[in-house]
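A.B. asks: Residue 237 in my numbering sits at position 249 of the sequence shown, and the numbers go up by one each step. The structure's right below; bear with me while I get my questions together.
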Amino acid sequence: MKRITYVIMFVTAILVAPRLLCAQEVRSIYQDLPKSFFENPQPNDSVWKAVPATMVSLLPQNITAPGLQSPSVETANVKSIHNGKWMAVQLSWADASRDVNVDTSKATDACAIQFPIKGGDKTSPFMGATDAPVAITHWKGIWQNDVLGKYQDVPDLHPNVWVGMYLFATGKRPFPVTTSFNTVAARNTLGSIYVNNPIAQLHRAIPVEELMAEGFGTLTTQPHQDARGNGVWDKGTWTVVFARPLSTGDKHDPKLVVGGETVIAFAVWDGGHKDVGGRKNYAPWVPIKLEKIP
């Protein structure tokens, strides 16, 4: 079964190669920037204006279900900067609507970048493979809203909801979850909070999550989170910046070397198109080279 999967991936790579010719290489430009630039990266910082962009073509993920038959986002622009200790990657794409709500019929805009942990020549771009893991950093529009103090609660989706009571909740109806469930007893009534589910954070500080994978269905949150990020939607375009240290000492993180070269992959979800999970647009491995320090 594993052999069949690799054959499918290989054939897919051959078929999509012509569409990806425009993505030749991403160059991470060296600039003498302070650590603060990377610790709280701003997508529209003026520094990015002088950085050359690489256009990357995106493909519909249709190797595993659920998938897409045609791309909902066809291209994205990529820029990168490093200061010798940190690297930032800016990803931007056209999106007519800012989708940052989630319920049973809605999805959020999102994007992700992926690095091989052991080396790109030995790693599948399709979320890695057994003994050839990948490191993924995932950003979501709804998480960006959380950071901006706009945590989505039930009344945001259903303004006419009526709440009788919640055991151990404090304050007044409708008992906002971010302010009414701050005691231990109240939090213990929320299953996802009680078990420390990383997706369920009442007071999120960073809108990105670091994950690792060894193939489809193996995506797992990392025990230690080193990455940073932020995203801004303006006039029909999302611009998201990911930042991370070049070296962390964490075995689950990529090893990025000044003057060296590795590969990077991308994924974009259009919430307005109901993209979620495997329903995504992706670009497989693109070479990325970190410029030497002058």
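For glycine and all other residues, C-beta sits at the position ideal for the given N, C-alpha and C. Predicted model, so just to flag it, every value in this text is computed and none were measured.
Apart from the five residues on each side of it in sequence, which residues of its chain come closer than 7 Å, Cβ to Cβ, to P29?
C.D. replies: A76, R216, G217, N218, V229 and A231
A.B. asks: In the structure shown, what three-state DSSP assignment does N89 receive?
C.D. replies: Reduced to three states, the DSSP call for N89 is coil.
A.B. asks: Can you tell me where the alpha helix (DSSP H) holding R192 begins and where it ends?
C.D. replies: Counting along the chain, R192 falls outside any alpha helix (DSSP H), and DSSP gives it neither H nor E.
A.B. asks: May I ask you to verify whether the region 33 to 48 touches the region 59 to 77, counting CB pairs closer than 8 Å and requiring at least 3?
C.D. replies: yes
A.B. asks: Which one or two residues does DSSP pair with W81 in a beta bridge?
C.D. replies: BP columns for W81 point to W226.
A.B. asks: Could you tell me whether the region 98 to 114 touches the region 127 to 134, using the rule of 3 or more Cβ pairs below 8 Å?
C.D. replies: Contact between the region 98 to 114 and the region 127 to 134 is present: 3 or more CB-CB pairs across the two stretches fall below 8 Å.
A.B. asks: Where does K37 sit, in a helix, a strand or coil, going by DSSP?
C.D. replies: Secondary structure at K37: helix, using DSSP grouped into helix, strand and coil.
A.B. asks: Should the region 263 to 270 be called in touch with the region 241 to 251, which here means at least 3 C-beta pairs below 8 Å?
C.D. replies: With the cut-off at 8 Å, the region 263 to 270 and the region 241 to 251 do not touch.
A.B. asks: When the Cα atoms are used, what is the spatial distance from K(-10) to S235?
C.D. replies: Residue confidence for K(-10) is low, a pLDDT of 46 falling below 50, so the modelled location carries little weight and cannot support an answer.
A.B. asks: Give me whichever residues DSSP pairs with N32 in a beta bridge.
C.D. replies: In the DSSP output, where bridge partners are listed per residue, N32 has none listed.
A.B. asks: Report the partner residues of G219 according to the DSSP bridge assignment.
C.D. replies: V228
A.B. asks: Do P113 and W273 count as a contact pair if the criterion is CB distance below 8 Å?
C.D. replies: yes
A.B. asks: Residues bridged to R47 by DSSP?
C.D. replies: Looking at the sequence shown, residue 47 is not Arg but Leu. DSSP lists Y270 as partners of L47.
A.B. asks: Give the secondary structure of I130 by DSSP, where H, G and I count as helix, E and B as strand, and everything else as coil.
C.D. replies: Three-state DSSP puts I130 in a helix.
A.B. asks: To which residues does DSSP link E202 through a beta bridge?
C.D. replies: Residue pairing by DSSP leaves E202 without any beta bridge partner.
A.B. asks: Along the chain, where does the alpha helix (DSSP H) containing V165 start, and where does it finish?
C.D. replies: V165 to S168
A.B. asks: Might you give, ordered along the chain, the residues of its own chain that have their beta carbon closer than 7 Å to the beta carbon of G248, omitting 5 neighbours on each side?
C.D. replies: L278
A.B. asks: Helix, strand or coil: how does DSSP classify V151 here?
C.D. replies: coil
A.B. asks: What span of residues does the alpha helix (DSSP H) with I181 cover, start to end?
C.D. replies: For I181, the uninterrupted alpha helix (DSSP H) run begins and ends at G179 to Y182, by DSSP.
A.B. asks: Taking buried to mean at least 16 other C-beta atoms within 10 Å of its own C-beta, is H212 buried or exposed?
C.D. replies: exposed
A.B. asks: Could you say if the region 193 to 209 and the region 137 to 145 meet the contact criterion of at least three C-beta pairs nearer than 8 Å?
C.D. replies: no
A.B. asks: Give every residue of the same chain whose Cβ lies closer than 6 Å to the Cβ of K268, excluding the five residues on either side of it in the sequence, and list them in chain order.
C.D. replies: Q49, A255 and W257
A.B. asks: Given a threshold of 16 other Cβ atoms within 10 Å of its Cβ, counted over all protein chains shown, does S85 qualify as buried or as exposed?
C.D. replies: exposed
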